[in-house]
Amino acid sequence: MITRRPWLSIIVIIGLMAVPALAGPASPQDLEGHWEGAIELPGQKLGVDLDFIKQPDGAWKGDISIPLQGAKDMPLSGIKIEGSGVVFAIAGVPGDPTFKGAFGAEGAEITGTFTQGGQSFPFKIARGEDPVAKARRALEGFDEVVTKGLSQLEVPGVAMAIIKDKEVVLAKGFGLRDVENKLPMTADTLLAIGSSSKAFTAFALGTLVDQGKVEWDKPVRTYIPWFRLYDADAGERLTPRDLVTHRSGLPRHDLVWYNNSAWSREQLVRSLAFLPPTADLRERWQYNNLMFLTAGYLIETLTGKSWEDSVRALVFEPLGMTRSNFSVVESRKDKDFAQPYAERDDKVQKIPFRDITVIGPAGSINSSVNEMSRWVMVHINGGTFGDKEVIGAATLADLHTPYMVMGSVPTRPDISAPDYALGWMVDNYRGHKRVHHGGNIDGFSAMVSLWPNDGLGFVVLTNKNGTGLPELLIRTAADRILGLEAEDWIGDAAKRQAEGEKIAEMGEKKKATRRVAGTAPAHKLPDYTGAYAHPGYGGLDVTLGTNGRLTFTYNGITTPLEHWHYETFNGGKADDPTFTDMKLTFRTDVNGRVVGVQAPFEPTLDGISFAKRPDARLSDPVYLKTLLGEYTLSVQTVTIGLKGDVLTMSVPGQPVYDLVPEVGGEFSIKIAQMVRVRFLEDAKGQVTGLEISQPSGVFEYKRKK
């Protein structure tokens, strides 16, 4: 058993690379520069990196990093050289961890004993190449790899930055940011980073945790008292940490917000009360953009400022990210921005920008790799940028700590399945801890990847929808820099893409086999038209065009409908393909009227049911006043009254009934919805009577004059 001690932990090391010494002899007293090696613990090695600088007054300054323990640039103290001997200690660490050793004959190695807390272990370090210079050397010829990726995966352009410790070793654009105008991609080109924005929201929330304005594990209702979920108990218990770890119990429900320009962020947060979950709170990981939106709205509540202004103040300004913005509308005002592209009809085409400002906290940031490199630096340098702390080191470590098992299966033995932290995914890539998050939104794909134990970070931004090129370039570059065995990541992906396209084509040809031939709609097409609504998803409108075809519009996206079979209609081709091939099924009530439509807007549920809205005039007091009065049948008289905008019906010896507007131009009795009331009109549109329908019969009352 290994007992944990309050000093340097003993960690099983996965691998230790041999470090080439610099060529040429060196003086035994020459300590300056970068050194790499290991402490020989029982049965294992603990890798260390050290840097020494001789100051003008002759005193030494140095730091040590222990990658496997996540310790980076800890200051050294008591650095002394006496002849061929050298001694130094790690400052501020319990147990007085001290290195005592001697230079080798050529001055390129130091061997000796490391002691801490009364225990001693041998160590050996050797002069190593400056890590930044080494990384740059490893990337020689990398441009050819990028060019290959653009060509084989049919991506118009890509921008990439690679950061080692506190320096950018590569920042460059490749290909075109605007194909039609042949404008080149640059390191300053603005592109959408999509869901890589989530980490900014979690980070901003973390800074508010540091300020004592919020606690990760207190219920959201502590800060937003009206907050509700469909599952009332889950809504009471949901915390800010739950918001940014995808463990709310809700599936994506993305179409609530997608292309929704009519709702505010508050309206979207309130809609959560009507969106059914598919799991209990914290039961399993389910990606959910609306929860990150809620985290952003929580930031707005805590700061009294918009999410945009809060992130600008808490993140962008401290990092000097002056051109980064929160809307494609703003990006297009810049002199250097990328156009969006996607594969449509078997070719890469420019597509319209999609403004997703309303869901901003989950994915609306736009930036360049030059500015995103600053974002990476703060993460791989313990929360500091330059000499300024932007976020507490403990809070940053919390952001990078996995809290949910995502449940995916690894595809290779040397790359683990990812777990989810706070706005980040965490896995192990070929023996190296990796913290990362991608982003995909209309016309753009991104990846931000941190390797905190290696002091390494990557940003890759592209202007093509759904491409895997960012991850493939990062893997290729990381393999080079870390000295790992080379893999043809891009070539293999291109082969899989070609195979996938063939399979998709075969599937496209067979989709009609699911259609039942020889059926017809049960109603005339005008009967399907109208306004439909869901309390969480909002409105869906079905109209009949002059061409005699039905169309439906949801969140501003209009799609033609073609009869598929029975009461099901299929989404046809449209300028916006969001609903192409989506099946909508209409529902008929007992009276034979079309009263609803079910749409598969959330794939993990059977469907989202939209109820047809009654004619708007049935709630219009101006129209309702034309219905008031007495109506008689034989010896019975009923009286129609008005209470605000609610029609009422009085029957002698019975309570006053509220009437509820229904589809088909009629009303139901609120407490007995099986009873229907229809007002009768003559050829001139004058109300002449009313008809009451109930299980025992249909009764017609004449209006008193």
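Just so we're aligned, residue 884 is where the sequence shown starts under the numbering used here, counting upward by one. Every residue, glycine too, gets a C-beta built ideally from N, C-alpha and C.
Any chance the segment 1579–1587 sits against the segment 1515–1522, with 3 or more Cβ pairs inside 8 Å?
In short, these stretches touch, since the Cβ pair count reaches three.
From this set, 971, 1490, 1035 and 1399, which residue's C-alpha is nearest residue 1420's C-alpha?
Here residue 1420 corresponds to residue number 537 of the sequence shown, with the count starting at 1. Looking at the Cα atoms, 1490 is the closest of the given residues.
Reducing DSSP to helix, strand and coil, say where residue 1013 ends up.
In the sequence shown, residue 1013 corresponds to position 130, counting from 1. In this structure, residue 1013 counts as coil in the three-state DSSP scheme.
Under a three-way DSSP split, which group does residue 1472 fall into?
Here residue 1472 refers to the residue found at position 589 of the sequence shown. The answer is coil: DSSP assigns residue 1472 none of H, G, I, E or B.
May I ask which residues mark the beginning and end of the alpha helix (DSSP H) holding residue 1192?
Your numbering for residue 1192 matches position 309 in the sequence shown. It spans 1190–1194 - the alpha helix (DSSP H) in which residue 1192 sits, taken as one unbroken run.
Please name the residue, chosen from 915, 1093 and 1034, that lies closest to residue 993 on a Cα-to-Cα basis.
Position 110 of the sequence shown, counted from the first residue, corresponds to residue 993. With distances taken between Cα atoms, residue 993 lies closest to 915.
Please confirm whether residue 1293 has its beta-carbon closer than 8 Å to some beta-carbon of chain D.
In the structure shown, chain D does not exist; there is a single protein chain.
Could you tell me if residue 1449 is buried or exposed, where buried requires 16 or more neighbouring beta carbons within 10 angstroms of its beta carbon?
In the sequence shown, counting from the first residue as 1, residue 1449 sits at position 566. With fewer than 16 Cβ atoms within 10 Å of its Cβ, residue 1449 is classed as exposed.
For residue 1499, which of 1416, 1044, 1064 and 1390 has the nearest alpha-carbon?
In the sequence shown, residue 1499 corresponds to position 616, counting from 1. Ranking the options by Cα distance to residue 1499, first place goes to 1416.
Within a Cβ cutoff of 8 Å, which residues of the same chain sit near residue 1403, ignoring the five residues on either side of it in sequence?
Here residue 1403 refers to the residue found at position 520 of the sequence shown. Closer than 8 Å at the Cβ level, and outside the excluded window around residue 1403, lie 1446.
Can you check which of these residues, 1278, 1295, 1275 and 1304, is closest to residue 1289 by C-alpha distance?
Your numbering for residue 1289 matches position 406 in the sequence shown. Of the candidates 1278, 1295, 1275 and 1304, the one whose C-alpha sits nearest the C-alpha of residue 1289 is 1304.
Residue 1396 to residue 1459, Cα distance in whole Å?
As a first step, residue 1396 must be located in the sequence shown, where it is residue number 513. As a first step, residue 1459 must be located in the sequence shown, where it is residue number 576. So the two alpha carbons sit approximately 25 Å from each other.
Could you have a look at residue 1221 and say whether DSSP puts it in helix, strand or coil?
Residue numbering aside, residue 1221 sits at position 338 when the sequence shown is read from its first letter. The answer is coil: DSSP assigns residue 1221 none of H, G, I, E or B.
Within 10 Å of its beta-carbon, does residue 966 have 16 or more other beta-carbons around it, so buried, or fewer, so exposed?
The sequence position of residue 966 within the sequence shown is 83, counting from 1. With fewer than 16 other Cβ atoms within 10 Å, it is exposed.
Return the chain-ordered list of same chain residues with a C-beta closer than 8 Å to the C-beta of residue 1265, the five sequence neighbours on each side being excluded.
Along the sequence shown, one-based indexing puts residue 1265 at 382. Same-chain partners within the cutoff: 955, 956, 1276 and 1279.
Tell me whether residue 1447 sits in a helix, a strand or coil according to DSSP, three-state version.
If you number the sequence shown from 1, residue 1447 lands on position 564. DSSP places residue 1447 in strand when its eight states are reduced to three.
What's the C-alpha gap between residue 1485 and residue 1454?
Position 602 of the sequence shown, counted from the first residue, corresponds to residue 1485. Position 571 of the sequence shown, counted from the first residue, corresponds to residue 1454. The straight-line gap from Cα to Cα measures roughly 16 Å.
Quick check on DSSP: helix, strand or coil for residue 908?
Counted from its first residue, the sequence shown places residue 908 at position 25. For residue 908, the pLDDT reaches just 40, beneath the cut-off of 50, and the residue's location in the model is therefore unreliable, leaving the point undetermined.
Since residue 1442 and residue 1452 should fall inside the 8 Å C-beta cutoff, what is the C-beta to C-beta distance between them, to a whole number of angstroms?
Against the sequence shown, residue 1442 aligns to sequence position 559. Against the sequence shown, residue 1452 aligns to sequence position 569. So it is not a contact: roughly 10 Å between Cβ atoms.
Please identify the residue among 1111, 1431, 1127 and 1418 whose C-alpha is closest to the C-alpha of residue 1286.
Against the sequence shown, residue 1286 aligns to sequence position 403. Selected option, being the one with the closest Cα: 1127.
Would you check if the segment 1065–1079 and the segment 1249–1265 touch, i.e. whether three or more CB-CB distances between them fall below 8 Å?
At 8 Å Cβ cutoff, the stretches touch.
Roughly how many angstroms separate the alpha carbons of residue 1568 and residue 1561, rounded to a whole number?
As a position in the sequence shown, residue 1568 is number 685, starting the count at 1. As a position in the sequence shown, residue 1561 is number 678, starting the count at 1. Looking at the two C-alpha atoms, the distance is approximately 14 Å.
Rounded to the nearest angstrom, what separates residue 1372 and residue 1274 at their Cα positions?
For the purposes of this step, residue 1372 is taken as the residue at position 489 of the sequence shown. For the purposes of this step, residue 1274 is taken as the residue at position 391 of the sequence shown. Straight-line Cα distance between these residues: approximately 35 Å.
Give every residue of the same chain whose Cβ lies closer than 8 Å to the Cβ of residue 1050, excluding the five residues on either side of it in the sequence, and list them in chain order.
Numbered from 1 along the sequence shown, position 167 holds the residue referred to as residue 1050. Excluding positions up to five away in sequence, the list reads 1015.
Taking buried to mean at least 16 other C-beta atoms within 10 Å of its own C-beta, is residue 989 buried or exposed?
Numbered from its first residue, the sequence shown carries residue 989 at position 106. Exposed is the call here.
Residues in the same chain with beta-carbon distance under 8 Å from residue 1471, minus the five sequence neighbours each way, listed in chain order, please.
For this step, residue 1471 is matched to residue 588 along the sequence shown. Around residue 1471: 1405, 1406, 1450, 1477 and 1478.
Using a Cβ distance threshold of 8 Å, determine whether the segment 1315–1326 contacts the segment 1344–1358, with at least three qualifying pairs required.
Verdict: yes, contact present.
Identify the continuous beta strand (DSSP E) that holds residue 1105 and give its terminal residues.
If you number the sequence shown from 1, residue 1105 lands on position 222. Taken as a continuous stretch (DSSP letters only), residue 1105 belongs to no beta strand (DSSP E), as it is neither H nor E.
Nearest by alpha-carbon distance to residue 943: which of 923, 932 and 970 is it?
As a working note, residue 943 is residue 60 in the sequence shown. Ranking 923, 932 and 970 by Cα distance to residue 943 puts 970 first.
With a floor of 3 residues, list each beta strand (DSSP E) that falls wholly inside the segment 1289–1325, ordered by position along the chain.
Here the runs fully enclosed are 1308–1312 and 1315–1324.
Starting from the Cα of residue 1547, find the closest Cα among 1414, 1282, 1462 and 1033 and give me that residue.
Numbered from its first residue, the sequence shown carries residue 1547 at position 664. Taking only the C-alpha atoms, the option nearest residue 1547 is 1414.
In three-state terms, what does DSSP make of residue 963?
Translated into positions along the sequence shown, residue 963 becomes position 80. Strand.
To the nearest angstrom, report how far apart residue 1105 and residue 1072 are at their CA atoms.
Within the sequence shown, residue 1105 is the residue found at index 222, counting from 1. Within the sequence shown, residue 1072 is the residue found at index 189, counting from 1. Roughly 41 Å separates the two Cα atoms.
Should residue 1514 be labelled buried (16 or more other beta-carbon atoms within 10 Å of its own) or exposed?
On the sequence shown, residue 1514 is found 631 positions in, with the first residue counted as 1. By the neighbour-count rule (16 or more Cβ atoms within 10 Å), residue 1514 is buried.
Enumerate, from N- to C-terminal direction, the unbroken alpha helix (DSSP H) stretches of 4 or more residues contained entirely within the segment 1108–1193.
Runs found: 1115–1120, 1123–1126, 1148–1154 and 1172–1186.
Given a threshold of 16 other Cβ atoms within 10 Å of its Cβ, counted over all protein chains shown, does residue 1069 qualify as buried or as exposed?
Numbered from 1 along the sequence shown, position 186 holds the residue referred to as residue 1069. The residue in question, residue 1069, is buried, as its Cβ has 16 or more Cβ neighbours within 10 Å.
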